[in-house]
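Written out below as structure tokens is the structure these notes cover.
Numbering (this note's numbering), first residue to last: 1032 to 1651.
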């Protein structure tokens, strides 16, 4: 831990802030403490020692360390005092470091200091992706419907999203001058602090409670608070993250229900959600009509039963413990989700909110459970999560496609440009044969570019269900021969042998789509095998004896296809090797076009080594 010398007045002025900084990071972590003007006062950890120097401006990076956004981030954080920014540093060895910048007040609230918490990032190639991810996370933080805040281990607010600021009726700049202790209702502070201590002691991973916040006008707001500890790669505490939902209305509803017994009973009996009163030994003493309907019996049949006797109930691990804390008065309410099988054998998911009801002596007299069938909500949540996963996969696939397209288009376009320049610069010394050769190569590269774009367009149309084959009788022998002659002419590095069928191979197909199928099978084989590889193209009847179909076979004696990819390669954007050219949609189109015609395509191992692609198409 490096710090400013204490022999001058300036260091004495900042000694309290430096001591607080050292106490915060004494258990580990990399950080820099600077004045509001950016002069470094103290350093913690090896990363900090490598990117900053005590007494120098925080933006004065050592030789070999670079950053394109540190100056701007520091300026914005210092100027707004309420903003949290992340700057990205690149070390000499290529390692990337993220510096999360924010400001804090001195203990007497007279000075503001700049703090940079450092953490290693992925290196060069991943930096852009991480920045995009960071932007997404920031959007999620800012636009989340629930309140979210980051709190230092001493309770100081580091950051808060708009929803949290709305709940506590304070701006983020106001919160950064406070601790969570300052805005917590006094009667709730002891429990909150004890749970914080348990988390820091690693007795529990996280906690959630209902608590109250004091608003600036003296009123209170009830919230459901969930808190977890964020740690660094060495498991050292960094800060707390808290998620908060305003439950004031729910609390008011509960308090209203308790004011009058008659009102309570009326509400209880006619409530649209299932409600049961439970004795402290878990015996049901009263159940409303909705509870009977949910459980599949008359409500009177539930009385006298224990809650665990109602069906196959699975509770969250903390649920039973929280019930015990309710009976002792340690908690006033808790919510859990349970999987349940009712008396009709129906599996259901229930959200159970359990409240403690005080008796005349002030102690807990009974529990009230409000039960909501959330089966459909959970199924919807699972479908939404699946959609999120699918969108995430689609994003990654699109990114891979863009990378592949960039390569597959850049290569022929570069060749087109060079060939065009050669033609443009040709003079009378250039023979007609040379001109025709250049023109032919130019047309070949243009066709190659057109093929890539055609596959892309066809992939989108096929995925959207916008393609319908225009069937006509076609001699497959003749069609395959034409495609092989064109494709083999472009690939002199491979030996292609065509084995036409001696039997009639007239099929009912869309000739344009089948030509694309054959061309894609050949180009895929050329792309993924070495020069000198032999490729065999043959036609025959179905080996299973089905005289209604014709089989097209494209085989090679190359390295083959791994078993794990024999099915996956027909999915969009899947490539055998990331370092090979190609968009990953050629074989996808082969399968879709085959299926359009009622045919099939499979990939198997060739006898003797290599890959074998077999396509069946219906006879005319």
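We treat Cβ as the ideally placed atom computed from N, Cα and C, and that holds for glycine.
Taking the alpha carbon of residue i as the point to measure from, which residue in the options has its own alpha carbon closest?
{"i": "residue 1082", "options": "1121, 1419 and 1461", "result": "1121"}
{"i": "residue 1194", "options": "1206, 1284, 1208 and 1175", "result": "1175"}
{"i": "residue 1284", "options": "1314, 1308, 1253 and 1396", "result": "1253"}
{"i": "residue 1517", "options": "1471, 1504 and 1596", "result": "1471"}
{"i": "residue 1573", "options": "1582, 1567 and 1562", "result": "1582"}
{"i": "residue 1400", "options": "1384, 1408, 1409 and 1410", "result": "1384"}
{"i": "residue 1375", "options": "1365, 1323 and 1416", "result": "1323"}
{"i": "residue 1397", "options": "1311, 1620 and 1544", "result": "1311"}
{"i": "residue 1526", "options": "1566, 1149, 1318 and 1274", "result": "1566"}
{"i": "residue 1327", "options": "1144, 1316, 1305 and 1314", "result": "1305"}
{"i": "residue 1080", "options": "1033, 1377 and 1597", "result": "1033"}
{"i": "residue 1075", "options": "1062, 1086 and 1067", "result": "1062"}
{"i": "residue 1585", "options": "1511, 1629, 1624 and 1065", "result": "1511"}
{"i": "residue 1600", "options": "1588, 1632 and 1580", "result": "1632"}
{"i": "residue 1515", "options": "1502, 1505 and 1531", "result": "1531"}
{"i": "residue 1523", "options": "1500, 1540 and 1561", "result": "1561"}
{"i": "residue 1222", "options": "1233, 1136, 1239 and 1208", "result": "1239"}
{"i": "residue 1281", "options": "1386, 1261 and 1590", "result": "1386"}
{"i": "residue 1564", "options": "1570, 1554 and 1571", "result": "1554"}
{"i": "residue 1503", "options": "1650, 1065 and 1196", "result": "1650"}
With DSSP as the reference, label residue i as helix, strand or coil.
{"i": "residue 1072", "result": "strand"}
{"i": "residue 1311", "result": "coil"}
{"i": "residue 1371", "result": "strand"}
{"i": "residue 1084", "result": "coil"}
{"i": "residue 1354", "result": "helix"}
{"i": "residue 1326", "result": "helix"}
{"i": "residue 1061", "result": "strand"}
{"i": "residue 1089", "result": "coil"}
{"i": "residue 1149", "result": "strand"}
{"i": "residue 1621", "result": "helix"}
{"i": "residue 1044", "result": "helix"}
{"i": "residue 1545", "result": "helix"}
{"i": "residue 1454", "result": "helix"}
{"i": "residue 1317", "result": "strand"}
{"i": "residue 1336", "result": "coil"}
{"i": "residue 1397", "result": "strand"}
Could you give the residue range of the alpha helix (DSSP H) that holds residue i?
{"i": "residue 1252", "result": "Counting along the chain, residue 1252 falls outside any alpha helix (DSSP H), though it belongs to the beta strand (DSSP E) covering 1251-1262."}
{"i": "residue 1529", "result": "Here residue 1529 belongs to no alpha helix (DSSP H); instead the beta strand (DSSP E) covers 1526-1530."}
{"i": "residue 1361", "result": "It is not in any alpha helix (DSSP H) - residue 1361 carries neither H nor E in the DSSP assignment."}
{"i": "residue 1652", "result": "With the chain running from 1032 to 1651 in the structure shown, residue 1652 is simply not present."}
{"i": "residue 1218", "result": "1217-1231"}
{"i": "residue 1119", "result": "Looking at the DSSP string, residue 1119 is not in any alpha helix (DSSP H); the run it does join, the beta strand (DSSP E), is 1116-1121."}
{"i": "residue 1213", "result": "1211-1214"}
Decide if residue i is buried, meaning its Cβ has at least 16 other Cβ atoms within 10 Å, or exposed.
{"i": "residue 1547", "result": "buried"}
{"i": "residue 1456", "result": "exposed"}
{"i": "residue 1244", "result": "buried"}
{"i": "residue 1047", "result": "exposed"}
{"i": "residue 1422", "result": "exposed"}
{"i": "residue 1617", "result": "buried"}
{"i": "residue 1552", "result": "buried"}
{"i": "residue 1414", "result": "exposed"}
{"i": "residue 1144", "result": "buried"}
{"i": "residue 1343", "result": "At residue 1343, the pLDDT of 46 sits below 50, so the modelled position is not reliable and the matter cannot be decided from this model."}
{"i": "residue 1575", "result": "exposed"}
{"i": "residue 1123", "result": "exposed"}
The beta strand (DSSP E) spanning residue i covers which residue range?
{"i": "residue 1330", "result": "Run containing residue 1330: none; DSSP gives neither H nor E here."}
{"i": "residue 1270", "result": "1268-1277"}
{"i": "residue 1384", "result": "1378-1389"}
{"i": "residue 1604", "result": "Element bounds for residue 1604: n/a, residue is neither H nor E."}
{"i": "residue 1514", "result": "Counting along the chain, residue 1514 falls outside any beta strand (DSSP E), though it belongs to the alpha helix (DSSP H) covering 1507-1521."}
{"i": "residue 1539", "result": "1537-1540"}
{"i": "residue 1200", "result": "Neither: residue 1200 is in no beta strand (DSSP E) and is coded neither H nor E."}
{"i": "residue 1237", "result": "1237-1245"}
May I ask you to list the residues that DSSP assigns as paired with residue i?
{"i": "residue 1582", "result": "1571 and 1647"}
{"i": "residue 1135", "result": "1144"}
{"i": "residue 1188", "result": "1182"}
{"i": "residue 1587", "result": "1566"}
{"i": "residue 1635", "result": "1643"}
{"i": "residue 1206", "result": "Note: residue 1206 sits in no beta bridge, so no partner."}
{"i": "residue 1097", "result": "1121"}
{"i": "residue 1404", "result": "1381"}
{"i": "residue 1559", "result": "According to DSSP, residue 1559 bridges with nothing at all."}
{"i": "residue 1050", "result": "BP columns for residue 1050 are empty, so no partner."}
{"i": "residue 1652", "result": "For the chain, the structure presents residues 1032 to 1651; residue 1652 sits outside this window and is missing."}
Does chain C have any CB closer than 9 angstroms to the CB of residue i?
{"i": "residue 1514", "result": "In the structure shown, chain C cannot be found, because there is only a single protein chain."}
CB of residue i to nearest heavy atom of the ligand FAD: below 8 angstroms?
{"i": "residue 1302", "result": "Looking for the ligand FAD in the displayed structure turns up nothing, as the structure carries no ligands at all."}
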